[in-house]
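Below is one structure, written out as structure tokens, with a few remarks after it.
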Amino acid sequence: DQQVKQNSPSLSVQEGRISILNCDYTNSMFDYFLWYKKYPAEGPTFLISISSIKDKNEDGRFTVFLNKSAKHLSLHIVPSQPGDSAVYFCAAPLYNNNDMRFGAGTRLTVKP
Amino acid sequence: DAGITQSPRHKVTETGTPVTLRCHQTENHRYMYWYRQDPGHGLRLIHYSYGVKDTDKGEVSDGYSVSRSKTEDFLLTLESATSSQTSVYFCAISIGLAANTGELFFGEGSRLTVL
Chain A
1 DQQVKQNSPS LSVQEGRISI LNCDYTNSMF DYFLWYKKYP AEGPTFLISI
51 SSIKDKNEDG RFTVFLNKSA KHLSLHIVPS QPGDSAVYFC AAPLYNNNDM
101 RFGAGTRLTV KP
Chain B
1 DAGITQSPRH KVTETGTPVT LRCHQTENHR YMYWYRQDPG HGLRLIHYSY
51 GVKDTDKGEV SDGYSVSRSK TEDFLLTLES ATSSQTSVYF CAISIGLAAN
101 TGELFFGEGS RLTVL
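Chains as they are written, first to last, in this note's numbering: chain A, 1 to 112; chain B, 1 to 115.
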């Protein structure tokens, strides 16, 4: 039961433009969301998070938007840089056990 | 750097053989996790530990066992490896009280191929 879904396996953008990565969830009990970034041959690293009491959280070039009514969140990267090329996972913790549910990931390629 | 070391980083084995992956942390965090990453599935929790000798199952625990005899080490064992267990395995720790109170910190991964 994949409660967190990333329906776009890949995304390619030009350097300097905006990258928008999308994530949908089905579990209305989720109230905290995280984005992780993963380079090849490395473990995922935490990027940014958002609580359900907010609809936006910004950290430098990275902004996450949350639309609770649509059960949708998105990660915006502006401006995109070649070093942002990686796989991005959205995730949400389950509160009834010590688990974090991850989406399948979106591979972002930023072209110089 | 959360001080997580996984070993081995790469392993090729044959179906039916036992395999043990080791996760070592240097900062005495209580919560440790084993995830597997597969294309189309993201990361899925196999087992986790909330203290020495305290472990519990995750979403995809069948075919796996774990042990934690010391705070710093969390072992994942495949008693009899199958080709479906070919994957990249990640160990993670939680700095907070549990996975649901903060972000996870991951090791670099162990790539296992079962022939």
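Don't be surprised by glycine CBs; every beta carbon is placed ideally from N, CA and C.
Predicted model only: the values in this text are computed from it and were never measured.
Taking the continuous beta strand (DSSP E) assigned at A/S74, which residues delimit it? First-last of the beta strand (DSSP E) with A/S74: 72 to 77.
Mind checking B/Q6: buried by the 16 CB within 10 Å criterion, or exposed? Its Cβ being crowded by 16 or more others within 10 Å, B/Q6 is buried.
Option in B/I93, B/S87, B/L115, B/T20 with minimal Cα separation from B/E27: Cα-wise, what sits closest to B/E27 is B/I93.
Would you decide whether A/G83 is buried or exposed? Buried here means 16 or more other CB atoms lie within 10 Å of its CB. When all chains shown are included, A/G83 counts as exposed.
By how many angstroms is the C-alpha of B/F105 removed from the C-alpha of B/K53? The C-alpha of B/F105 is placed about 21 Å away from the C-alpha of B/K53.
Cβ of A/Y36 within 9 Å of any chain B Cβ: It does: the Cβ of A/Y36 has a partner Cβ on chain B nearer than 9 Å.
Could you tell me whether any Cβ in chain B is nearer than 9 Å to the Cβ of A/S10? The Cβ of A/S10 sits no closer than 9 Å to any Cβ of chain B.
So what does DSSP say about A/G83, is it helix, strand or coil? In the three-state reduction of the DSSP assignment, A/G83 falls in the helix class.
Pick helix, strand or coil for B/Q85, following the three-state DSSP scheme. Under the three-state reduction of DSSP, B/Q85 is assigned to helix.
Name the one or two DSSP bridge partners that B/G51 has. Under DSSP, B/G51 shares a beta bridge with B/D54.
Whole runs of the alpha helix (DSSP H) within the stretch 12 to 74 of chain B, excluding any shorter than 4 residues: Entirely contained in the stretch 12 to 74 of chain B, not one alpha helix (DSSP H) run reaches 4 residues.
Can you pull the DSSP bridge partners for A/R101? Looking at the DSSP assignment, A/R101 forms a beta bridge with A/A92.
Does A/S49 have its Cβ less than 9 Å from a Cβ in chain B? Yes, contact with chain B.
Euclidean distance between Cα positions of A/V64 and B/G16: The alpha-carbon atoms of A/V64 and B/G16 are separated by roughly 45 Å.
Cut-off 6 Å between Cβ atoms - residues of its own chain near B/Q165, not counting five sequence neighbours on either side: Missing from the structure shown is residue 165 of chain B; chain B here goes from 1 to 115 and no further.
Short CB-CB distance (under 9 Å) between A/D55 and chain B: It does not; no Cβ of chain B falls within 9 Å.
Identity of the residues DSSP links to B/T113 by a beta bridge: Under DSSP, the beta-bridge partners assigned to B/T113 are B/V12.
Quick one: using the 10 Å Cβ neighbour count with 16 as the cut-off for buried, is B/S69 buried or exposed? Under this definition B/S69 is an exposed residue.
One or two residues paired with A/T109 in a DSSP bridge: Bridge partners of A/T109: A/S12.
Counted within 10 angstroms of its Cβ, other Cβ atoms place A/D99 as buried (16 or more) or exposed: Its Cβ being crowded by 16 or more others within 10 Å, A/D99 is buried.
For the putative contact between A/V110 and A/S19, defined by C-beta atoms under 8 Å, what is the C-beta separation to the nearest angstrom? Right, the Cβ-Cβ distance comes to about 7 Å (below 8 Å), so this counts as a contact.
Using a cut-off of 8 Å between C-beta atoms, extract the partners of B/Y89 located in chain A. Within chain A, no residue comes near B/Y89; the closest Cβ sits about 10 Å away, beyond 8 Å.
Per DSSP, which one or two residues make a beta bridge with A/I18? None, per the DSSP bridge assignment.
Span of the beta strand (DSSP E), counted from its first residue to its last, around A/D36: With the sequence shown as reference, residue 36 of chain A is identified as Tyr, and Asp is not the correct amino acid for it. Note, A/Y36: beta strand (DSSP E), 32 to 38.
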